[in-house]
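Student: So for the sequence shown, this note's numbering puts the first residue at 7; every next one is plus one.
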Amino acid sequence: MAELLDKLNPEQIKAVQATEGPVLILAGAGSGKTKTLTSRVAYLVQTKKATPSEILAVTFTNKAAGEMKQRIMHLLRLKSDKAFHISTFHSLCSRILRKELQQGSLLTNPPEDSSGEYTPSPPNLPSGRGGIRSNFTILDTNDQVTAIKQVMRELNIDLQQYAPAAILNFISSAKNELIMPDNYSEMAYGHFQKIVAKVYPRYQEILHANNSLDFDDLLMLTVKLFQTHKDVLKKYQDKFKYVLVDEYQDTNTSQYQLIKLLVAKHKNIFVVGDDWQCLPPTTKILTNKGSRSIQKISNKERVVCASGRSDHNLFDVTTVGKRKYKGQMLTIKTEKGHQITTTPNHIFFARLSETSKKSFVYLMYSPHKGYRIGIAKGIRNSGKKLDCGLREPIKCGF
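(1) Under DSSP, the alpha helix (DSSP H) around M193 begins and ends at which residues?
(2) Rounding to the nearest angstrom, what Cα-Cα distance links E26 and H197 in this structure?
(3) Do L10 and C99 come within 8 Å of each other at the CB atom, strictly closer than that value?
(4) Across which residues does DSSP place G296 in a beta bridge pair?
(5) Consider the Cβ of S179: report whether some Cβ of chain B lies at a distance smaller than 8 Å.
(6) Q23 to A153, Cα distance in whole Å?
(7) Output yes or no for whether 8 Å exceeds the beta carbon distance between I31 and V47.
(8) Identify which residue in N15, N294 and P28 has its Cα closest to the Cα of A194.
(9) In whole angstroms, what separates the C-alpha of K20 from that of R329?
(10) Let me make sure I understand the geometry here. Which of A70, L81, G38 and F66 has the alpha-carbon closest to that of V51?
(11) Could you round the C-beta distance between I102 and T228 to whole angstroms and report it? I think they count as a contact, below 8 Å.
(12) Verify whether the separation of the beta carbon atoms of V278 and Y254 is less than 8 Å.
(13) Please classify Y168: does DSSP put it in a helix, a strand, or coil?
(14) Look at the alpha carbon of D12 and the alpha carbon of F276, and state the distance between them as a whole number of angstroms.
(15) Can you check the stretch 216-284 for any alpha helix (DSSP H) of at least 4 residues that lies completely inside it and give the ranges in chain order?
(16) Between Y368 and G380, which are expected to be in contact by the criterion C-beta below 8 Å, what is the C-beta distance as a whole number of angstroms?
(17) Have a look at E73 and Q18 and give me their C-alpha separation to the nearest angstrom.
(18) So, with DSSP's three-state summary, where would you put H344?
(19) Using only CA atoms, which one of F321, I291 and V323 lies nearest to T347?
(20) With L107 as the anchor, note down where its alpha helix (DSSP H) starts and where it stops.
(21) Specify whether the stretch 297-314 and the stretch 141-160 touch according to this definition: at least 3 beta carbon pairs, one from each stretch, less than 8 Å apart.
(22) What are the boundary residues of the alpha helix (DSSP H) that includes T337?
(23) Provide the residue span of the alpha helix (DSSP H) that contains L82, from first to last.
(24) State the beta-bridge partners of Y209 as determined by DSSP.
(25) Do you know offhand how far K271's Cα is from K245's?
(26) I need the straight-line Cα distance from S86 to P58, nearest angstrom please.
(27) Give a yes or no on whether the C-beta atoms belonging to I78 and T44 are separated by under 8 Å.
(28) Looking only at DSSP bridge pairs, what is D322 linked to?
(29) F366 by DSSP, collapsed to three states: which one?
(30) So who's on the other strand from Y371, going by DSSP bridges?
(31) Using DSSP with H/G/I as helix, E/B as strand and the rest coil, what is T57?
(32) Among the residues of its own chain, which have a CB less than 6 Å from the CB of I173, if the five just before and after it don't count?
(33) Thinking C-beta only, is L165 closer than 8 Å to D220?
(34) Looking only at C-alpha atoms, which of E160, N216 and D222 sits nearest to P187?
(35) Please name the residue or residues paired with T143 in a DSSP beta bridge.
(36) Could you compute how far the alpha carbon of P373 sits from the alpha carbon of Y190?
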């Protein structure tokens, strides 16, 4: 126990030892937020507040989840991480859905014959032959776009006039906001969203007919499952006595609602996040009505934001915050002359053209390790196809 706490500063120790009730940790990039989270997991086990199986820790990437597992195993001197529930949001929801579908928890209709055989179906989605079974497949982006194109052809929607990828982005945004296909038309605003409202229901029908889900379905259906099947929700509330979330500032509506439902019983929720990613007053923000000054943005406006996996979507503004900042600012300029200035903690997506034969040189800096310089190819071979060499978000300072 002493060895665990000796490696933490006073504020981290305070966070680790505050085991009961909700805890929110806000700190800048590179300040040891994830270290505090993993130390807290080890502390809960060492003090016998919880067994490993009673702790749930979630984050956004498989890499981050793997690093969290390794840190916790090192702290507890374990050789296996099988007892812990440490994963991404999507992996967690996939496991829950497969298990509950297999056990029949999503049964919405009585058995059709005396044999007792039935096809489980997610709540509020087609049952019978259109229902989802526990061996469902998860579509990648290419398969999703293919399905969107199929629907557009069926509905005689011009693929040249309306980009399939853009329609998919709007459907993804709807799912992240927990808007089901039947409800989307009620909130569709403008001509393009009305096109999306036609595609969305048929897109879901095609997925379910092929026993498939996309990544956004995993979260949306798990939340719907918990909301409509209280016995299932209670089982997971009893199972997870402590819930911890890394990079909490990146959660969307479906992820937030999922966590809110899970912690409603014990209320032992611990989240860490970075709220110091901000833009100066001169910044232009892209909205659904065009570009506007950040100073004129107000609550409930829809703005274009990063939504993960190098993608972006429209989201509602829930809070407008202002703060004073004294420190370094970074300006990024593109080849076409566009530029943006931000604090060093802000994250951007960047990608070279997939036809580019150029390489790029990068410079990274850490207060503890100094500078590191490297080179990466513009194109790399993934083993199956040529792929862009720069795929992940670039953090401009850490």
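Just so it is clear, CB atoms sit at the ideal spot from N, CA and C, and this is done for glycine as well.
As the structure is a computational prediction, the values presented were derived from the model and not from experiment.
Tutor: On the basis of the coordinates in this document:
(1) Walking along the sequence shown from the start, residue 193 turns up at place 187. Boundaries of the alpha helix (DSSP H) around M193: P187 to M193.
(2) Taking the sequence shown and counting its residues from 1, the one referred to as residue 26 is at position 20. Taking the sequence shown and counting its residues from 1, the one referred to as residue 197 is at position 191. Cα-Cα distance, rounded: 50 Å.
(3) Along the sequence shown, one-based indexing puts residue 99 at 93. Along the sequence shown, one-based indexing puts residue 10 at 4. Not in contact: C99 and L10 (Cβ atoms no closer than 8 Å).
(4) Reading the sequence shown from its first residue, position 290 is the one you call residue 296. G296 is bridged to T293.
(5) Judged by its chain identifiers, the structure shown contains no chain B, having just a single protein chain.
(6) One-based indexing of the sequence shown puts residue 23 at position 17. One-based indexing of the sequence shown puts residue 153 at position 147. If I take the Cα positions, the gap works out to 49 Å.
(7) For this step, residue 31 is matched to residue 25 along the sequence shown. For this step, residue 47 is matched to residue 41 along the sequence shown. With respect to the 8 Å criterion, I31 and V47 are not classified as neighbours on the basis of their beta carbons.
(8) Locating residue 194 in the sequence shown gives position 188, where the first residue counts as 1. Of N15, N294 and P28, the residue nearest in Cα terms is N294.
(9) If you number the sequence shown from 1, residue 20 lands on position 14. If you number the sequence shown from 1, residue 329 lands on position 323. Going from the Cα of K20 to the Cα of R329 covers about 26 Å.
(10) The count along the sequence shown starts at 1 and reaches residue 51 at position 45. Among A70, L81, G38 and F66, the Cα nearest to that of V51 belongs to L81.
(11) The residue labelled residue 102 in the question sits at position 96 within the sequence shown. The residue labelled residue 228 in the question sits at position 222 within the sequence shown. With a Cβ gap of about 5 Å, I102 and T228 count as contacting.
(12) In the sequence shown, counting from the first residue as 1, residue 278 sits at position 272. In the sequence shown, counting from the first residue as 1, residue 254 sits at position 248. A Cβ-Cβ contact shorter than 8 Å links V278 with Y254.
(13) Within the sequence shown, the letter at position 162 stands for residue 168. Three-state result, Y168: coil.
(14) Mapped onto the sequence shown, residue 12 falls at position 6. Mapped onto the sequence shown, residue 276 falls at position 270. For D12 and F276, the gap between their C-alpha atoms comes out near 21 Å.
(15) As far as the stretch 216-284 is concerned, its whole alpha helix (DSSP H) runs of at least 4 residues are 221-234, 236-245 and 259-268.
(16) Taking the first residue of the sequence shown as 1, we reach residue 368 at position 362. Taking the first residue of the sequence shown as 1, we reach residue 380 at position 374. With 8 Å as the limit, Y368 and G380 qualify as a contact, their Cβ atoms being about 6 Å apart.
(17) The count along the sequence shown starts at 1 and reaches residue 73 at position 67. The count along the sequence shown starts at 1 and reaches residue 18 at position 12. Their Cα atoms are separated by approximately 19 Å.
(18) Counting from 1 along the sequence shown, the entry for residue 344 is found at position 338. It is coil, neither helix nor strand.
(19) Here residue 347 refers to the residue found at position 341 of the sequence shown. Among F321, I291 and V323, the Cα nearest to that of T347 belongs to I291.
(20) Position 101 of the sequence shown, counting from 1, holds the residue named residue 107. Counting along the chain, the alpha helix (DSSP H) containing L107 begins and ends at F95 to Q108.
(21) Two segments are said to touch when three or more pairs of C-beta atoms, one from each, lie closer than 8 Å; by this definition the stretch 297-314 does not touch the stretch 141-160.
(22) For the purposes of this step, residue 337 is taken as the residue at position 331 of the sequence shown. No alpha helix (DSSP H) holds T337; the beta strand (DSSP E) holding it covers L336 to K339.
(23) Position 76 of the sequence shown holds residue 82. That run of the alpha helix (DSSP H) goes N68 to L82.
(24) Within the sequence shown, residue 209 is the residue found at index 203, counting from 1. DSSP, once it has assigned bridges, lists no residue as partnering Y209.
(25) For the purposes of this step, residue 271 is taken as residue 265 along the sequence shown, with counting starting at 1. For the purposes of this step, residue 245 is taken as residue 239 along the sequence shown, with counting starting at 1. Rounded to the nearest angstrom, the two C-alpha atoms are 11 Å apart.
(26) For the purposes of this step, residue 86 is taken as residue 80 along the sequence shown, with counting starting at 1. For the purposes of this step, residue 58 is taken as residue 52 along the sequence shown, with counting starting at 1. If I take the Cα positions, the gap works out to 11 Å.
(27) Numbered from 1 along the sequence shown, position 72 holds the residue referred to as residue 78. Numbered from 1 along the sequence shown, position 38 holds the residue referred to as residue 44. Yes, the Cβ-Cβ distance between I78 and T44 is below 8 Å.
(28) Counting from one through the sequence shown, the residue named residue 322 turns up at place 316. DSSP lists R308 as the bridge partner or partners of D322.
(29) Along the sequence shown, read from residue 1 onward, the residue named residue 366 stands at position 360. Residue state, collapsed to three classes: strand.
(30) Numbered from its first residue, the sequence shown carries residue 371 at position 365. DSSP links Y371 through a beta bridge to Y377.
(31) One-based indexing of the sequence shown puts residue 57 at position 51. In the structure shown, T57 sits in coil (DSSP, three-state: anything other than H, G, I, E or B).
(32) As a first step, residue 173 must be located in the sequence shown, where it is residue number 167. A distance below 6 Å between beta-carbons, with the five flanking residues on each side excluded, links I173 to the following residues of its chain, in chain order: I154, V202 and V205.
(33) The count along the sequence shown starts at 1 and reaches residue 220 at position 214. The count along the sequence shown starts at 1 and reaches residue 165 at position 159. For D220 and L165, no; Cβs fall outside 8 Å.
(34) Counting from one through the sequence shown, the residue named residue 187 turns up at place 181. Nearest neighbour of P187 by Cα position, chosen from E160, N216 and D222, turns out to be D222.
(35) By one-based count along the sequence shown, residue 143 stands at place 137. DSSP output for T143 lists S218 as bridge partner(s).
(36) Taking the first residue of the sequence shown as 1, we reach residue 373 at position 367. Taking the first residue of the sequence shown as 1, we reach residue 190 at position 184. Each residue's alpha carbon lies about 47 Å from the other.
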